[in-house]
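Here the structure is laid out as C-alpha coordinates; the discussion comes afterwards.
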(Lines of atoms letter the chains of each structure in order from A; the text may use other names.)
(Lines give C-alpha, C1' and ligand atoms only; values in the text may rest on other atoms or scores of the structure.)
Protein backbone atom coordinates (compact mmCIF):
# COMPACT_ATOMS: atom_id res chain seq x y z
CA UNK A 27 0.00 0.00 0.00
CA UNK A 28 1.50 3.37 -0.98
CA UNK A 29 1.37 6.53 1.13
CA UNK A 30 -1.53 8.04 -0.82
CA UNK A 31 -3.58 4.88 -0.23
CA UNK A 32 -2.92 5.19 3.48
CA UNK A 33 -3.86 8.87 3.54
CA UNK A 34 -7.09 8.28 1.62
CA UNK A 35 -8.03 5.48 4.01
CA UNK A 36 -7.57 8.05 6.77
CA UNK A 37 -9.87 10.53 4.99
CA UNK A 38 -12.47 7.78 4.63
CA UNK A 39 -12.68 7.06 8.35
CA UNK A 40 -15.99 7.76 10.06
CA UNK A 41 -14.81 10.40 12.54
CA UNK A 42 -15.49 13.19 10.03
CA UNK A 43 -18.37 12.25 7.74
CA UNK A 44 -18.14 15.48 5.76
CA UNK A 45 -14.55 14.79 4.75
CA UNK A 46 -15.47 11.18 4.02
CA UNK A 47 -18.40 12.24 1.83
CA UNK A 48 -16.34 14.72 -0.19
CA UNK A 49 -13.46 12.27 -0.51
CA UNK A 50 -15.84 9.68 -1.95
CA UNK A 51 -17.36 12.07 -4.47
CA UNK A 52 -14.46 14.37 -5.36
CA UNK A 53 -11.28 12.33 -4.95
CA UNK A 54 -12.59 8.85 -5.66
CA UNK A 55 -15.07 10.18 -8.19
CA UNK A 56 -18.01 8.10 -6.96
CA UNK A 57 -21.48 9.12 -8.11
CA UNK A 58 -23.89 10.57 -5.58
CA UNK A 59 -26.31 7.69 -6.17
CA UNK A 60 -23.64 5.13 -5.26
CA UNK A 61 -24.86 3.00 -2.36
CA UNK A 62 -21.85 3.73 -0.13
CA UNK A 63 -22.03 7.45 -0.88
CA UNK A 64 -25.75 7.58 -0.08
CA UNK A 65 -25.12 5.84 3.24
CA UNK A 66 -22.50 8.41 4.23
CA UNK A 67 -24.60 11.31 2.91
CA UNK A 68 -27.61 10.26 4.96
CA UNK A 69 -25.48 9.74 8.05
CA UNK A 70 -23.97 13.23 7.60
CA UNK A 71 -27.42 14.83 7.46
CA UNK A 72 -28.34 13.32 10.82
CA UNK A 73 -24.93 13.74 12.42
CA UNK A 74 -23.66 16.02 15.16
CA UNK A 75 -21.62 17.84 12.52
CA UNK A 76 -24.73 19.41 11.01
CA UNK A 77 -26.67 20.42 14.11
CA UNK A 78 -24.45 23.32 15.25
CA UNK A 79 -24.27 24.60 11.68
CA UNK A 80 -28.04 24.78 11.33
CA UNK A 81 -28.21 26.39 14.77
CA UNK A 82 -26.19 29.32 13.41
CA UNK A 83 -29.22 30.39 11.39
CA UNK A 84 -31.14 30.88 14.65
CA UNK A 85 -28.67 33.57 15.73
CA UNK A 86 -30.25 35.90 13.20
CA UNK A 87 -27.04 37.80 12.41
CA UNK A 88 -25.36 38.23 9.03
CA UNK A 89 -22.03 36.85 10.26
CA UNK A 90 -23.70 33.71 11.59
CA UNK A 91 -25.55 33.14 8.31
CA UNK A 92 -22.26 33.57 6.43
CA UNK A 93 -20.52 30.99 8.60
CA UNK A 94 -23.43 28.59 8.16
CA UNK A 95 -23.33 28.91 4.36
CA UNK A 96 -19.57 28.38 4.43
CA UNK A 97 -19.91 25.31 6.62
CA UNK A 98 -22.57 23.72 4.42
CA UNK A 99 -20.45 24.41 1.34
CA UNK A 100 -17.44 22.80 3.03
CA UNK A 101 -19.58 19.77 3.88
CA UNK A 102 -20.47 19.38 0.21
CA UNK A 103 -24.19 19.89 0.82
CA UNK A 104 -26.68 21.85 -1.27
CA UNK A 105 -30.18 23.28 -1.04
CA UNK A 106 -31.41 19.83 -2.08
CA UNK A 107 -30.01 18.44 1.18
CA UNK A 108 -30.91 21.18 3.66
CA UNK A 109 -33.90 23.53 3.81
CA UNK A 110 -32.16 26.92 3.73
CA UNK A 111 -34.00 28.92 1.05
CA UNK A 112 -35.49 31.32 3.60
CA UNK A 113 -32.09 31.98 5.14
CA UNK A 114 -30.51 32.69 1.77
CA UNK A 115 -33.29 35.13 0.92
CA UNK A 116 -32.96 36.74 4.34
CA UNK A 117 -29.21 37.19 3.94
CA UNK A 118 -29.47 38.64 0.44
CA UNK A 119 -32.16 41.07 1.61
CA UNK A 120 -30.04 42.10 4.59
CA UNK A 121 -26.70 42.51 2.80
CA UNK A 122 -27.52 42.98 -0.90
CA UNK A 123 -24.36 40.85 -1.32
CA UNK A 124 -22.26 43.64 0.25
CA UNK A 125 -20.83 41.30 2.83
CA UNK A 126 -17.85 43.52 3.68
CA UNK A 127 -14.90 42.19 1.68
CA UNK A 128 -16.70 38.92 1.18
CA UNK A 129 -18.96 39.28 -1.86
CA UNK A 130 -16.85 36.90 -3.95
CA UNK A 131 -16.69 34.42 -1.10
CA UNK A 132 -20.44 34.66 -0.46
CA UNK A 133 -21.20 34.11 -4.13
CA UNK A 134 -18.85 31.13 -4.20
CA UNK A 135 -20.72 29.59 -1.27
CA UNK A 136 -24.13 30.27 -2.80
CA UNK A 137 -23.09 28.70 -6.11
CA UNK A 138 -21.73 25.67 -4.24
CA UNK A 139 -25.03 25.40 -2.38
CA UNK A 140 -27.00 25.30 -5.64
CA UNK A 141 -28.18 28.91 -5.93
CA UNK A 142 -26.56 29.91 -9.23
CA UNK A 143 -30.02 30.09 -10.83
CA UNK A 144 -31.57 32.06 -7.94
CA UNK A 145 -32.81 35.30 -9.57
CA UNK A 146 -30.81 37.60 -7.29
CA UNK A 147 -27.64 35.51 -7.53
CA UNK A 148 -27.98 35.15 -11.30
CA UNK A 149 -28.25 38.93 -11.59
CA UNK A 150 -25.39 39.69 -9.20
CA UNK A 151 -22.80 37.22 -10.50
CA UNK A 152 -21.99 39.02 -13.78
CA UNK A 153 -22.04 42.41 -12.04
CA UNK A 154 -19.59 41.29 -9.37
CA UNK A 155 -17.29 39.54 -11.84
CA UNK A 156 -17.32 42.57 -14.16
CA UNK A 157 -15.40 44.57 -11.54
CA UNK A 158 -12.25 42.73 -12.64
CA UNK A 159 -9.30 45.06 -13.25
CA UNK A 160 -6.72 44.99 -16.01
CA UNK A 161 -4.32 42.79 -14.03
CA UNK A 162 -7.03 40.15 -13.58
CA UNK A 163 -7.64 41.01 -9.94
CA UNK A 164 -10.39 42.76 -8.00
CA UNK A 165 -10.23 46.15 -6.24
CA UNK A 166 -10.45 46.94 -2.55
CA UNK A 167 -13.99 47.84 -1.48
CA UNK A 168 -13.10 49.65 1.73
CA UNK A 169 -14.85 52.97 2.39
CA UNK A 170 -11.94 54.14 4.52
CA UNK A 171 -10.39 57.07 2.60
CA UNK A 172 -6.98 56.29 4.11
CA UNK A 173 -7.09 52.86 2.49
CA UNK A 174 -9.05 53.59 -0.66
CA UNK A 175 -8.69 57.25 -1.65
CA UNK A 176 -11.56 58.46 -3.85
CA UNK A 177 -10.56 59.05 -7.45
CA UNK A 178 -7.14 57.44 -7.04
CA UNK A 179 -6.48 54.22 -9.00
CA UNK A 180 -5.54 51.29 -6.80
CA UNK A 181 -3.92 47.98 -7.45
CA UNK A 182 -6.05 44.91 -7.09
CA UNK A 183 -6.49 43.51 -3.60
CA UNK A 184 -4.87 40.08 -3.22
CA UNK A 185 -7.32 39.01 -0.51
CA UNK A 186 -10.37 40.06 -2.53
CA UNK A 187 -9.04 38.32 -5.61
CA UNK A 188 -8.43 35.10 -3.67
CA UNK A 189 -12.18 34.95 -2.98
CA UNK A 190 -12.91 35.45 -6.67
CA UNK A 191 -10.45 32.67 -7.48
CA UNK A 192 -12.56 30.31 -5.36
CA UNK A 193 -15.69 31.64 -7.07
CA UNK A 194 -14.27 31.04 -10.56
CA UNK A 195 -13.26 27.50 -9.59
CA UNK A 196 -16.71 26.79 -8.15
CA UNK A 197 -18.40 28.08 -11.29
CA UNK A 198 -16.27 25.73 -13.38
CA UNK A 199 -17.13 22.80 -11.07
CA UNK A 200 -20.79 23.65 -11.62
CA UNK A 201 -20.36 23.82 -15.39
CA UNK A 202 -20.98 27.59 -15.53
CA UNK A 203 -18.86 29.65 -17.92
CA UNK A 204 -16.84 32.40 -16.27
CA UNK A 205 -15.11 34.63 -18.84
CA UNK A 206 -13.00 36.23 -16.10
CA UNK A 207 -11.51 32.91 -14.93
CA UNK A 208 -8.33 33.00 -17.01
CA UNK A 209 -7.60 36.55 -15.94
CA UNK A 210 -8.03 35.60 -12.30
CA UNK A 211 -5.73 32.61 -12.70
CA UNK A 212 -3.16 34.78 -14.48
CA UNK A 213 -3.23 37.23 -11.58
CA UNK A 214 -1.90 34.48 -9.30
CA UNK A 215 0.34 32.72 -11.79
CA UNK A 216 2.00 36.03 -12.63
CA UNK A 217 3.20 36.27 -9.03
CA UNK A 218 4.08 32.58 -8.58
CA UNK A 219 0.77 32.33 -6.66
CA UNK A 220 1.91 34.08 -3.46
CA UNK A 221 4.69 36.56 -4.06
CA UNK A 222 5.02 40.31 -4.44
CA UNK A 223 6.00 41.80 -7.78
CA UNK A 224 8.40 44.28 -6.17
CA UNK A 225 10.06 41.60 -4.00
CA UNK A 226 9.65 38.05 -5.35
CA UNK A 227 10.96 36.60 -2.08
CA UNK A 228 8.17 38.08 0.04
CA UNK A 229 4.60 36.89 0.31
CA UNK A 230 1.86 39.33 -0.60
CA UNK A 231 0.06 38.26 2.58
CA UNK A 232 1.65 35.88 5.07
CA UNK A 233 -1.68 34.34 6.01
CA UNK A 234 -2.24 33.11 2.46
CA UNK A 235 1.02 31.18 2.62
CA UNK A 236 -0.36 29.08 5.48
CA UNK A 237 -2.74 26.14 5.73
CA UNK A 238 -5.29 28.18 7.67
CA UNK A 239 -8.72 26.51 7.72
CA UNK A 240 -11.69 26.87 7.54
CA UNK A 241 -11.64 29.72 5.05
CA UNK A 242 -12.99 33.20 5.61
CA UNK A 243 -13.10 35.87 2.95
CA UNK A 244 -9.89 37.58 4.08
CA UNK A 245 -7.95 34.43 4.89
CA UNK A 246 -7.86 31.63 2.35
CA UNK A 247 -5.20 28.99 2.85
CA UNK A 248 -2.55 27.90 0.37
CA UNK A 249 -4.13 24.45 0.00
CA UNK A 250 -7.40 26.03 -1.18
CA UNK A 251 -5.68 28.50 -3.49
CA UNK A 252 -3.71 25.76 -5.24
CA UNK A 253 -6.81 23.57 -5.36
CA UNK A 254 -8.72 26.35 -7.14
CA UNK A 255 -5.86 26.96 -9.58
CA UNK A 256 -5.87 23.22 -10.32
CA UNK A 257 -9.62 23.23 -11.01
CA UNK A 258 -9.07 26.07 -13.48
CA UNK A 259 -6.63 23.83 -15.37
CA UNK A 260 -3.24 25.08 -14.20
CA UNK A 261 -2.17 22.28 -11.87
CA UNK A 262 1.09 21.72 -13.75
CA UNK A 263 1.97 25.34 -14.50
CA UNK A 264 5.64 26.05 -13.61
CA UNK A 265 4.45 29.23 -11.89
CA UNK A 266 2.97 27.00 -9.16
CA UNK A 267 6.31 25.32 -8.36
CA UNK A 268 7.35 27.48 -5.43
CA UNK A 269 3.87 27.44 -3.90
CA UNK A 270 3.71 23.66 -4.23
CA UNK A 271 7.09 23.32 -2.54
CA UNK A 272 5.81 25.47 0.30
CA UNK A 273 2.68 23.33 0.63
CA UNK A 274 4.81 20.17 0.58
CA UNK A 275 6.85 21.56 3.48
CA UNK A 276 3.67 21.28 5.53
CA UNK A 277 3.29 17.58 4.77
CA UNK A 278 4.38 15.06 7.38
CA UNK A 279 6.29 11.88 6.69
CA UNK A 280 2.98 10.02 6.94
CA UNK A 281 1.61 12.01 3.98
CA UNK A 282 -0.83 14.07 6.06
CA UNK A 283 -0.78 17.86 5.87
CA UNK A 284 -0.49 19.99 9.00
CA UNK A 285 -2.96 22.71 9.98
CA UNK A 286 -1.11 25.98 10.57
CA UNK A 287 -3.97 27.92 12.13
CA UNK A 288 -7.72 28.28 12.48
CA UNK A 289 -10.45 30.51 13.81
CA UNK A 290 -10.84 30.83 17.57
CA UNK A 291 -14.21 29.15 17.13
CA UNK A 292 -14.17 27.31 13.79
CA UNK A 293 -17.56 26.96 12.10
CA UNK A 294 -16.76 23.35 11.17
CA UNK A 295 -15.13 20.49 13.03
CA UNK A 296 -11.39 21.12 12.93
CA UNK A 297 -8.20 19.65 14.34
CA UNK A 298 -5.91 21.72 16.55
CA UNK A 299 -3.26 23.87 14.83
CA UNK A 300 0.01 22.00 14.54
CA UNK A 301 -1.78 18.68 14.01
CA UNK A 302 -2.48 16.74 10.80
CA UNK A 303 -5.72 18.00 9.28
CA UNK A 304 -8.17 16.03 7.18
CA UNK A 305 -9.54 19.20 5.60
CA UNK A 306 -6.13 20.54 4.61
CA UNK A 307 -5.09 17.12 3.31
CA UNK A 308 -8.30 16.77 1.28
CA UNK A 309 -7.72 20.06 -0.52
CA UNK A 310 -3.98 19.51 -0.88
CA UNK A 311 -4.51 16.16 -2.64
CA UNK A 312 -6.93 17.78 -5.05
CA UNK A 313 -4.46 20.58 -5.71
CA UNK A 314 -2.41 17.90 -7.47
CA UNK A 315 -5.41 17.02 -9.65
CA UNK A 316 -5.59 13.70 -7.86
CA UNK A 317 -8.82 12.00 -8.91
CA UNK A 318 -8.66 8.24 -8.66
CA UNK A 319 -10.34 5.98 -11.23
CA UNK A 320 -13.10 3.76 -9.79
CA UNK A 321 -10.99 0.59 -10.03
CA UNK A 322 -8.53 2.13 -7.53
CA UNK A 323 -11.17 2.90 -4.93
CA UNK A 324 -10.12 1.95 -1.44
CA UNK A 325 -13.09 0.68 0.49
CA UNK A 326 -13.52 2.33 3.91
CA UNK A 327 -12.66 0.22 6.89
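Numbering (my numbering), first residue to last: 27 to 327. All C-beta atoms in this analysis are idealised placements derived from N, C-alpha and C, irrespective of residue type, glycine included.
C-beta neighbour in chain C for residue i, strict 7 Å
i	result
residue 230	This model lacks chain C altogether, as it is built from one protein chain only.
Close-in-space but distant-in-sequence residues of the same chain around residue i (CB under 8 Å, 5 per side omitted)
i	result
residue 338	Outside the shown range of the chain, which is 27 to 327, sits residue 338, and nothing can be said about it.
residue 89	none
residue 148	142
residue 170	none
Distance, residue j Cα to residue i Cα
i	j	result
residue 307	residue 106	27 Å
residue 150	residue 29	44 Å
residue 243	residue 130	8 Å
residue 46	residue 33	12 Å
residue 177	residue 116	34 Å
residue 204	residue 138	15 Å
residue 221	residue 215	10 Å
residue 76	residue 133	21 Å
residue 74	residue 159	43 Å
residue 124	residue 71	30 Å
residue 95	residue 136	7 Å
residue 78	residue 104	17 Å
residue 269	residue 219	6 Å
residue 97	residue 202	22 Å
residue 91	residue 126	14 Å
residue 245	residue 225	21 Å
residue 54	residue 31	11 Å
residue 144	residue 108	16 Å
residue 80	residue 198	27 Å
residue 280	residue 272	17 Å
residue 52	residue 40	17 Å
residue 290	residue 114	25 Å
residue 229	residue 312	23 Å
Beta-carbon contacts of residue i that lie in its chain and below 7 Å, excluding the five residues immediately before and after
i	result
residue 42	295, 304
residue 48	102, 308
residue 9	This structure does not reach residue 9, given that the chain is present from 27 up to 327, and the question cannot be answered.
residue 223	217
residue 99	135, 138, 139
Burial state of residue i, where buried means 16 or more other Cβ atoms lie within 10 Å
i	result
residue 110	buried
residue 264	exposed
residue 259	exposed
residue 240	buried
residue 227	exposed
residue 58	exposed
Nearest residue (CA-CA) to residue i, options the options
i	options	result
residue 16	265, 113, 196	Summary: the structure shown does not reach residue 16, with the chain confined to residues 27 through 327, and so no result is reported for it.
residue 120	148, 189, 86, 208	86
residue 141	84, 297, 200	200
residue 84	71, 104, 58, 112	112
residue 267	144, 314, 127	314
residue 210	291, 272, 257, 80	257
residue 153	91, 122, 262	122
residue 300	282, 311, 312	282
residue 156	206, 189, 144, 69	206
residue 261	310, 40, 226	310
residue 69	52, 230, 44	44
residue 208	170, 161, 229	161
Other residues of its chain near residue i: CB distance less than 6 Å, five sequence neighbours each side excluded
i	result
residue 93	82, 293
residue 163	182, 187, 213
residue 254	191, 192, 195
residue 297	285, 303
residue 189	130, 131, 243
residue 128	243
residue 231	184
Residue i: CB within 6 Å of a non-hydrogen atom of the ligand FAD
i	result
residue 303	Annotation note on the ligand FAD: not contained in the displayed structure, which lists no ligands.
Cβ contact check for the stretch 249-257 and the stretch 268-281: 3 or more pairs under 8 Å: Here the stretch 249-257 makes contact with the stretch 268-281; the two share three or more CB pairs at distances below 8 Å.
Query raised in the report: So does the stretch 281-290 actually touch the stretch 228-240, counting three or more Cβ pairs closer than 8 Å?
Result: Taking 8 Å as the limit for Cβ pairs, the verdict is that the stretch 228-240 does touch the stretch 281-290.
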